[in-house]
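Worksheet: one structure, shown below.
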């Protein structure tokens, strides 16, 4: 569902209410981690996510608006199985990241820890980190 919403919203950061938390996945999770410091974790191998409690929504949407990033917040009604737009902001900036996940080989929050990264993985990790610095 989240991947489809990301494509539909064309660069807006997609945040969705799932129970008591709002979450973002993939490239939106990575951007939110870098922009406002939300802790990143993995829900599956190669799928990153960030989340925050529902009572913190205003805090984080205000931070995104201050940084002038476009976002859309969806509310998922589990009983009716409906998705509704709760809040939307069109800012100057959009999410232009093309990477969908952190480097799972070195990510401490990965669901699959790799015991000993080889020199090629370390080099690749440094390359990813350098690319991510461009977006900070």
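Numbering (my numbering), first residue to last: 49 to 184. From the three backbone atoms N, C-alpha and C, an ideal C-beta is built for every residue, glycine too.
Taking the Cβ atom as the reference point for each residue, do residue i and residue j lie within a distance shorter than 7 Å?
i	j	result
residue 74	residue 148	yes
residue 119	residue 61	yes
residue 96	residue 77	yes
residue 116	residue 143	no
residue 79	residue 145	yes
How many whole angstroms separate the CB atoms of residue i and residue j, which I take to be in contact at a CB cut-off of 8 Å?
i	j	result
residue 121	residue 131	With 8 Å as the limit, residue 121 and residue 131 do not qualify as a contact, their Cβ atoms being about 11 Å apart.
residue 72	residue 102	Not quite, the Cβ-Cβ distance comes to about 14 Å (not below 8 Å), so this is no contact.
residue 108	residue 138	With a Cβ gap of about 17 Å, residue 108 and residue 138 do not count as contacting.
residue 180	residue 82	7 Å
residue 124	residue 66	6 Å
Closer than 6 Å by C-beta to residue i: which residues in its own chain qualify, once you throw out the five before and the five after it? Chain order, please.
i	result
residue 49	none
residue 91	97
Report all residues from its chain with a CB closer than 7 Å to the CB of residue i; omit the five preceding and five following residues, and keep chain order.
i	result
residue 111	84
residue 150	78, 88, 96
residue 100	69, 70, 86, 108
When you compare the CB of residue i with every CB in chain D, is at least one pair closer than 7 Å?
i	result
residue 80	The question asks about chain D, but that chain is absent: this structure has only one protein chain.
Looking only at its chain, what residues have a beta carbon closer than 8 Å to the beta carbon of residue i, apart from the 5 residues adjacent to it on each side?
i	result
residue 55	none
Exercise. For the region 98 to 140, which segments carrying the beta strand (DSSP E) assignment without a break, of at least 3 residues, lie completely within its bounds, in sequence order?
Worked result: 119 to 125, 130 to 137
For this session: Return the chain-ordered ranges of every alpha helix (DSSP H) run that is complete within the region 53 to 88 and spans a minimum of 4 residues.
Result: 74 to 84
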